[in-house]
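Presented below is the structure to which this report refers.
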Amino acid sequence: VRYSYLLEKSLSVSKPMLFTGHSGVGKSAVISNLISRLVDGGAWASLPISFSAQTSARRTQESIESKLDKRKKTLLGPPPGKRMVMFVDDVNMPTLETYGAAPPVELLRQFLDQGGFYDRQKLFWKAVSDVVEVAACGPPGGGRNPLTPRYVRHHTVMVMPQPSAEAMRRIFSSIVGGHLALNGQAEIVSLTKPIIESTVDLYQTVLRDLKPIPAKAHYTFNLRDVSKVVQGLLMVQAAHI
């Protein structure tokens with residue numbers, strides 16, 4: 001709730017925001033939920049972009065321009081009467097070029113610096129109005145690259161920490177406990193604590209003992225893996241427990 005509040009206030013004054021934190025902590029969920037609520041309110045439009053290692057500056061610019069109206073030859077913007085939030089997920093995923101820059105990120109920096117970009121064909125300047133950027137990224141490593149200070153300086157940076165083991169127990173206990181309570185039997189509800197404690201303990205053990213190495217690069221575990229276990233438990237119908 002606090003992150004959503006700060007993001008909404010930041011958007012209201014057209015201040016870009018950058019969320020960072022480990023995978024699975026809820027960066028994209030917080031941003032997407034707020035954007036969905038703003039779009040439902042009618043005053044905002046959304047422009048979601050997800051970066052990958054193969055994303056190019058050309059494709060990024062084409063994605064942006066495809067969602068904007070041409071107000072005049074040299075001015076682009078969202079539909080009349082609306083503002084637009086551009087959500088760039090995994091912003092630090094694009095591959096670096098020879099000189100250490102990531103072209104898609106440099107395009108975004110140009111937009112933040114100067115309020116637009118050049119036409120790809122005729123090289124005239126295109127200004128972009130009423131668009132606010134929000135981005136999310138994970139820590140460098142595993143294919144993610146450090147973002148340049150020239151890009152980051154435009155943002156209010158929000159760090160979403162990894163929840164502690166105790167916080168994970170509280171969160172997932174309330175979810176699973178509520179589901180098991182539908183059965184109505186006290187002995188069934190009492191299973192919540194051992195199920196969640198063993199799941200969280202196993203997750204902590206896996207993080208400690210199964211480190212990703214070049215030969216086992218797939219050993220990357222995060223909070224999403226715990227969520228998948230809990231989602232599997234919730235698929236069991238309470239009446240059949």
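Last residue of the sequence shown: 241 in UniProt numbering, with the numbers rising by one and none dropped. Glycine included, each C-beta is placed from N, C-alpha and C at the ideal position.
Next item on the list: For residue 230, I'd like the list of residues in its chain whose CB is within less than 7 Å of its CB, leaving aside the five on either flank, ordered along the chain.
Entry: Contacts found: 172, 175 and 176.
Check: Taking C-alpha atoms, which residue in 29, 20 and 15 lies nearest to residue 4?
Finding: Of 29, 20 and 15, the smallest CA-CA separation from residue 4 is found for 29.
Margin query: My output table needs one value for residue 93: the three-state DSSP class, helix, strand or coil.
Written below: Three-state DSSP puts residue 93 in coil, outside helix and strand.
Checklist line | Burial state of residue 166, where buried means 16 or more other Cβ atoms lie within 10 Å | finding: The residue is exposed, with fewer than 16 neighbouring Cβ atoms inside 10 Å.
Checklist line | Enclosing alpha helix (DSSP H) for residue 107 [first to last residue] | finding: Counting along the chain, the alpha helix (DSSP H) containing residue 107 begins and ends at 103 to 114.
Margin query: According to DSSP, is residue 34 part of a helix, a strand, or is it coil?
Written below: Residue state, collapsed to three classes: helix.
Item checked: Nearest neighbour of residue 118, chosen from 65, 190 and 132 [CA to CA] -> When only C-alpha atoms are compared, the closest one is 65.
Notebook entry, point to check: Given that a residue counts as buried once 16 or more other Cβ atoms are within 10 Å of its Cβ, and exposed if not, what is residue 47?
Noted result: Classification of residue 47: buried, given that the 10 Å Cβ count is 16 or more.
Note to self: Let's see if you can read the secondary structure: which residues bound the beta strand (DSSP E) around residue 149?
What the structure shows: Taken as a continuous stretch (DSSP letters only), residue 149 belongs to no beta strand (DSSP E), being part of the alpha helix (DSSP H) at 149 to 152.
Next item on the list: Have a look at residue 149 and residue 54 and give me their C-alpha separation to the nearest angstrom.
Entry: Rounded to the nearest angstrom, the two C-alpha atoms are 22 Å apart.
Item checked: Rounded separation between residue 69 and residue 170 - CA only -> Answer to the nearest angstrom: the Cα atoms are 47 Å apart.
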